[in-house]
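Engineer:
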Amino acid sequence: MVSLSDHESTSRDKQPESTAPAPTVGDRWRALPALVRFPLAALAAFAAILALTSVTGPTGDLRIGSVGYYMLAIAGLQLLIGYSGQISLGHGAFMFIGAYTMALLVLNQPALPLWLNMIITVVLSCTAGVLVGAATARLHGPYLAGATLALAVGLPALTVRYPELLGGSNGLAFSTRGAPASLAGVITNTQWQAAAVWGTTLIGLVVLATISAGRLGRRMRALRDDEAAAGLAGIPVGRTKVIAFVISAGAGGLAGACQAYLLGTATPSSFTVTLSLSLLAALVLGGLGSMWGAFFGAVALVYVEVWGEELAHALALDSNVANNLPIVFFGVLLILVILVWPRGLHGMASSLADLVRRGR
Amino acid sequence: MAEQPILTVEGLTAAYGAVTALNKVNMTVPRGGICAVLGANGAGKTTLLRTLSGLKRAEAGRVLLEGADITRIPAERHVHHGLVHVPEGGGVIVELTVEENLRLGGLWRAGRRERAARMAEVVELFPPLRERLSRPAATLSGGERQMLAIGRALMAGPRVLLLDEPSLGLAPLVTRQIMDMLLQLRADRDLTVVLVEQNARSALSITDHGFVLNQGEVVMEDSSRRLLADDRMRHAYLGF
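So the sequence lines, in the order shown, correspond to chains A and B. Per this note's numbering, residue 145 is the first one in the first sequence, and the count goes up by one each step. Per this note's numbering, residue -6 is the first one in the second sequence, and the count goes up by one each step.
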């Protein structure tokens, strides 16, 4: 039985097809090769960030920068969990490595430029990723989760073990060069920092997105679905898993370096197990299996906390309650989103976009 | 003197813990032969294929592919040697599209042009796949999935194809189509096929040779025609 309203909607559906046979802008955009599309998108995003930071104050700049490095870490985790199907509860450990590498480089080799520090950080955290990935490539599911969790618990304790080098529980504090002198009147230091973090993040994201859209990404998705079948198709299972781990560790380390650069400190208390679990929660909240999920997850991770604090402040709540309000918010949001949109905020956004498209 | 068999299995033994699943299995498969491996549930048929393709470690014995020892090489290297295993259920990656699945099979091939040529050949062979190239493999029917699994294996350009229960869950007509296609492949490109089947009658109808496994041992091997005719055999092991 076709009801009248059904009939209407189908005829409405057909109309755009007949009137607009030419490919839309969106179609043409999607037809571009990934190597052109992703850098262009990153440039557009960078311009948007520059525009955004020109209207926000120093606190706003810092938050925007935080979204940037969280996004990078979550995107790295996305490649590992969403694409290659391995779980990590210890990605905070790679951020720890990145942050301390950055801090030690700035303190001991102040002459090095920022970009070189970033590259050294990536190399070091990838090396750590090789070690961890090779050791855990044979582990699955809960065993892998346990092993990586141990890393997140154990690694920050190094700071207390080597207090002269790593600054103990107070961590390392340093000051970074702000905006270059030639730009002194044009942009503020915090704007410059946010832009540097986003520049790094976007380069990292372009790399991650290109990998996941290409041959390596396809191999990863294959072994996530069926390891035995992937092996039988000729995919080197162990090596692909380790590669995924290494790339994701590199992204985590770079994110840690950005965090240290933005805050001017590296302290062990920033890299507790909670951080690793928050990254995972943000990834699931944002949506598994798409790089957009990383963006939504990072925004939620930063701004749910901000709004929770602001609300607590506005209501003049007792500090015991106020401190926990952001966590409650995040938890409730996570549960609600997963109940209604199992594919996370990204899933919500794409189903809303579908609705809008159909409504037209 | 007969030419060297393409696949030789000597004293192959495999075990799950203390349970021996394959016990000193010997078999030879001539080039271009299609042979059936038959037997009841738990006889060791799937274990035999898994051990041949390196998914399961052999405790003892050897597997020779055209005289080269491939017993201990890792599963993903078997493709390079021309031995491809289509596991039970096909092992189709349901979240990838049909085209991506096919590409997986040819991943290790270096030349882009060679891969494209293979792809064209495979979709030629399986017209239903051509119409569904950009669809997720999850949307395929059981028969189409089996075609995709075999197509993906063919992308690797195998000399020996190991098929585990391609007729599982398929309608008799579809099973027939797949069996006919195997005969066609053998005729066209001299493909050697080792076919594991529950459905002994349909398997024996297209194969030239059959091995009957029972409790991990080859209890009988003969030409498919004679196995079909042997009443004792049919009642004891093949159940029809």
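All C-beta atoms in this analysis are idealised placements derived from N, C-alpha and C, irrespective of residue type, glycine included.
Can you grab the Cα-Cα spacing for the pair A:Y244 / A:C270, in whole Å?
Structural biologist: As a first step, residue 244 of chain A is located in the first sequence; it is residue number 100 there, counting from the start. As a first step, residue 270 of chain A is located in the first sequence; it is residue number 126 there, counting from the start. Cα to Cα, the separation comes out at about 14 Å.
Engineer: Identify the continuous beta strand (DSSP E) that holds B:L5 and give its terminal residues.
Structural biologist: The residue given as residue 5 of chain B occupies position 12 in the second sequence. Start and end: L0 to Y9.
Engineer: So B:R227 is in the alpha helix (DSSP H); what residue range does that whole segment cover?
Structural biologist: Indexing the second sequence from 1 puts residue 227 of chain B at position 234. Segment: none, B:R227 is in no alpha helix (DSSP H) and carries neither H nor E.
Engineer: Starting from the Cα of B:I143, find the closest Cα among B:G4, B:V189 and B:V85 and give me that residue.
Structural biologist: Within the second sequence, residue 143 of chain B is the residue found at index 150, counting from 1. When only C-alpha atoms are compared, the closest one is B:V85.
Engineer: For B:L97, which of A:Q230, A:P167, A:S198 and A:G378 has the nearest alpha-carbon?
Structural biologist: One-based indexing of the second sequence puts residue 97 of chain B at position 104. If we check each option's Cα against that of B:L97, A:G378 comes out closest.
Engineer: Under 9 Å between the Cβ atoms of A:L424 and A:L477?
Structural biologist: Along the first sequence, one-based indexing puts residue 424 of chain A at 280. Along the first sequence, one-based indexing puts residue 477 of chain A at 333. For A:L424 and A:L477, no; Cβs fall outside 9 Å.
Engineer: Could you name the residues of chain A that B:H78 contacts, counting a contact when the two beta carbons are closer than 8 Å?
Structural biologist: Within the second sequence, residue 78 of chain B is the residue found at index 85, counting from 1. Under the 8 Å cutoff, chain A gives L376.
Engineer: Using CA coordinates, which residue listed in B:P23, B:V2 and B:E158 is at the minimum distance from B:K17?
Structural biologist: The residue labelled residue 17 of chain B in the question sits at position 24 within the second sequence. Of the listed residues, the one whose Cα sits closest to B:K17 is B:V2.
Engineer: For my contact list, A:L427 and A:I231 are in at a C-beta cut-off of 8 Å; report their separation, rounded to the angstrom.
Structural biologist: For the purposes of this step, residue 427 of chain A is identified with residue 283 of the first sequence, where counting begins at 1. For the purposes of this step, residue 231 of chain A is identified with residue 87 of the first sequence, where counting begins at 1. About 10 Å; that fails the 8 Å criterion.
Engineer: Measuring CB atoms only, is the region 211 to 223 of chain B touching the region 179 to 190 of chain B, in the sense that at least three cross pairs come out at less than 8 Å?
Structural biologist: The answer is no - the region 179 to 190 of chain B does not touch the region 211 to 223 of chain B, with fewer than three Cβ pairs under 8 Å.
Engineer: Taking buried to mean at least 16 other C-beta atoms within 10 Å of its own C-beta, is A:D462 buried or exposed?
Structural biologist: For the purposes of this step, residue 462 of chain A is identified with residue 318 of the first sequence, where counting begins at 1. Answer is exposed; the Cβ neighbour count stays below 16.
Engineer: At what residue ranges does the region 321 to 346 of chain A contain a whole run of the alpha helix (DSSP H), taking only runs of 4 or more?
Structural biologist: Counting whole runs of 4 or more residues, the region 321 to 346 of chain A contains no alpha helix (DSSP H) stretch at all.
Engineer: So, is B:D157 buried or exposed, given that buried needs 16 or more other C-beta atoms within 10 angstroms?
Structural biologist: In the second sequence, residue 157 of chain B corresponds to position 164, counting from 1. By the 10 Å Cβ count, B:D157 comes out buried.
Engineer: Just confirm the distance between the C-beta atoms of B:L89 and A:R501, as a whole number of angstroms; I'd bet it's less than 8 Å.
Structural biologist: Residue mapping note: residue 89 of chain B aligns to position 96 of the second sequence, counting from 1. Residue mapping note: residue 501 of chain A aligns to position 357 of the first sequence, counting from 1. Their Cβ separation, rounded to whole angstroms, is 25 Å, which puts B:L89 and A:R501 out of contact at 8 Å.
Engineer: Strictly below 8 Å CB to CB, what residues from chain A border B:V87?
Structural biologist: Locating residue 87 of chain B in the second sequence gives position 94, where the first residue counts as 1. Chain A residues near B:V87: D369.
Engineer: Have a look at B:I(-1) and A:V390 and give me their C-alpha separation to the nearest angstrom.
Structural biologist: As a working mapping, residue -1 of chain B is identified with position 6 in the second sequence. As a working mapping, residue 390 of chain A is identified with position 246 in the first sequence. Computed Cα separation, rounded: 40 Å.
Engineer: Name the DSSP bridge partner or partners of B:E214?
Structural biologist: Here the question's residue 214 of chain B lines up with position 221 in the second sequence. Note: B:E214 sits in a beta bridge opposite B:F204.
Engineer: Any beta-carbon of chain B closer than 9 Å to the one on A:V386?
Structural biologist: By 1-based counting over the first sequence, the position of residue 386 of chain A is 242. Chain B, which has no Cβ nearer than 9 Å to the Cβ of A:V386, makes this no.
Engineer: In chain B, what lies closer than 7 Å to A:A366 by C-beta?
Structural biologist: The residue you call residue 366 of chain A lines up with position 222 of the first sequence. Here the neighbours are I86, L89 and L97.
Engineer: Can you find a C-beta in chain B that's less than 9 Å from the C-beta of A:A185?
Structural biologist: The residue given as residue 185 of chain A occupies position 41 in the first sequence. It does not: the Cβ of A:A185 has no partner Cβ on chain B nearer than 9 Å.
Engineer: On the three-state DSSP scale, how would you describe A:V428?
Structural biologist: Translated into the one-based positions of the first sequence, residue 428 of chain A becomes position 284. Helix, per DSSP.
Engineer: Using the Cα positions of A:G397 and A:V443, report the straight-line distance between them to the nearest angstrom.
Structural biologist: The residue given as residue 397 of chain A occupies position 253 in the first sequence. The residue given as residue 443 of chain A occupies position 299 in the first sequence. Each residue's Cα considered, the two are about 20 Å apart.
Engineer: Does B:P120 get closer than 9 Å to chain A when you measure Cβ to Cβ?
Structural biologist: One-based indexing of the second sequence puts residue 120 of chain B at position 127. So, not an interface residue.
Engineer: For A:S198, count neighbouring Cβ atoms within 10 angstroms of its own Cβ and tell me buried if that reaches 16, exposed if not.
Structural biologist: As a position in the first sequence, residue 198 of chain A is number 54, starting the count at 1. It is exposed - the Cβ of A:S198 has fewer than 16 other Cβ atoms within 10 Å.
Engineer: Using the Cβ count rule (16 or more neighbours within 10 Å means buried), how would you classify B:G10?
Structural biologist: Residue numbering aside, residue 10 of chain B sits at position 17 when the second sequence is read from its first letter. That one is exposed.
Engineer: Going by DSSP, name the residue or residues bridged to A:A412.
Structural biologist: On the first sequence, residue 412 of chain A is found 268 positions in, with the first residue counted as 1. Note that residue 412 of chain A corresponds to Pro in the displayed sequence, not to Ala. A:P412 is not bridged to any residue.
Engineer: Does any residue of chain B bring its CB to less than 9 Å from the CB of A:A164?
Structural biologist: Taking the first sequence and counting its residues from 1, one reaches residue 164 of chain A at position 20. Residue confidence is low: A:A164 scores 49 on pLDDT, short of 50, so the model does not pin down where it sits. Its coordinate-derived value is still stated next. It does not: the Cβ of A:A164 has no partner Cβ on chain B nearer than 9 Å.
Engineer: Between A:I193 and the rest of its own chain, which residues show a CB-CB distance below 6 Å, the 5 nearest in sequence each way excluded?
Structural biologist: Working through the first sequence from its first residue, we reach residue 193 of chain A at position 49. The answer, listed in chain order, is W342.
Engineer: Give the interface partners of A:V381 over in chain B, defined as CB-CB distance under 9 Å, in chain order.
Structural biologist: As a working mapping, residue 381 of chain A is identified with position 237 in the first sequence. In chain order: P67, A68 and E69.
Engineer: Output needed for B:G47: all residues of its chain with C-beta closer than 7 Å, excluding positions within five of it in sequence on either side, in chain order.
Structural biologist: As a working mapping, residue 47 of chain B is identified with position 54 in the second sequence. So the list reads I66, P67, A68 and H71, once near-sequence residues are dropped.
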